[in-house]
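Enquirer:
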Amino acid sequence: MNQGKFVEAERLIDEMPESNRRSALIMLATRAFAKDPKENKTYSLSVLQKVRGLLSDKPTDQNELSQFIQLTAAYAPIEPGEAFGTFEPVIPMLNELSDASSIVQGFRESLQRSLGRVCDGEQQFLWLLLRSKSDPLARQSRF
174 MNQGKFVEAE RLIDEMPESN RRSALIMLAT RAFAKDPKEN KTYSLSVLQK
224 VRGLLSDKPT DQNELSQFIQ LTAAYAPIEP GEAFGTFEPV IPMLNELSDA
274 SSIVQGFRES LQRSLGRVCD GEQQFLWLLL RSKSDPLARQ SRF
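Dropping the structure here:
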């Protein structure tokens with residue numbers, strides 16, 4: 174695909190909804206660079222800059238976070254410094270998400286242990302109740 178075809182593809186991509194446009198532009202830049210790194214480096218960087226302009230300063234949802242990661246991966250072989258610069262604002266957010274996930278996991282495990290004890294206790298109670306109803310000696314000893 175020569176430079177003209179990439180520009181034509183970019184025009185078509187520009188008509189897509191924004192969330193799809195970002196991913197398609199990242200793919201276009203990646204393919205252009207892979208086709209001819211020397212000739213298409215400048216073009217690929219301009220497309221990636223365009224994508225960066227379509228993203229907020231920090232991701233606001235899972236989809237944007239994924240696109241930040243895609244953008245970083247696309248920048249890495251073309252311009253590693255830009256890759257780090259693009260991903261740097263995301264790092265504090267990922268740290269917060271990791272910390273929150275650890276806290277939630279701790280509560281989840283604690284809740285599962287508590288529920289397990291309750292369930293075990295209920296099973297023991299039901300077993301004793303059933304046994305007392307079916308065993309005449311157990312019924313006599315209760316009274």
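In this note's numbering, the protein residues as written are 174 to 316. Yeah, the Cβ is synthetic: ideal placement off N, Cα and C, and Gly gets one too.
Please tell me whether Arg195 and Leu228 are closer than 8 Å, where the distance is taken between their beta carbons.
Expert: Their beta carbons are under 8 Å apart, which means Arg195 touches Leu228 by this criterion.
Enquirer: Where does Glu183 land, buried or exposed, given buried means 16+ other C-beta within 10 angstroms?
Expert: It is buried - the Cβ of Glu183 has at least 16 other Cβ atoms within 10 Å.
Enquirer: Starting from Ser239, trace the alpha helix (DSSP H) in both directions and tell me its first and last residue.
Expert: 235-251 is the span of the alpha helix (DSSP H), which, as asked, contains Ser239.
Enquirer: With three or more beta-carbon pairs closer than 8 Å as the criterion, would you say the stretch 235-254 touches the stretch 199-213?
Expert: The stretch 235-254 is in contact with the stretch 199-213.
Enquirer: Specify the secondary structure class of Glu191 as computed by DSSP and reduced to three states.
Expert: It is helical.
Enquirer: What would DSSP say about Glu282, mapped onto helix, strand or coil?
Expert: If DSSP states are grouped into helix, strand and coil, Glu282 belongs with the helices.
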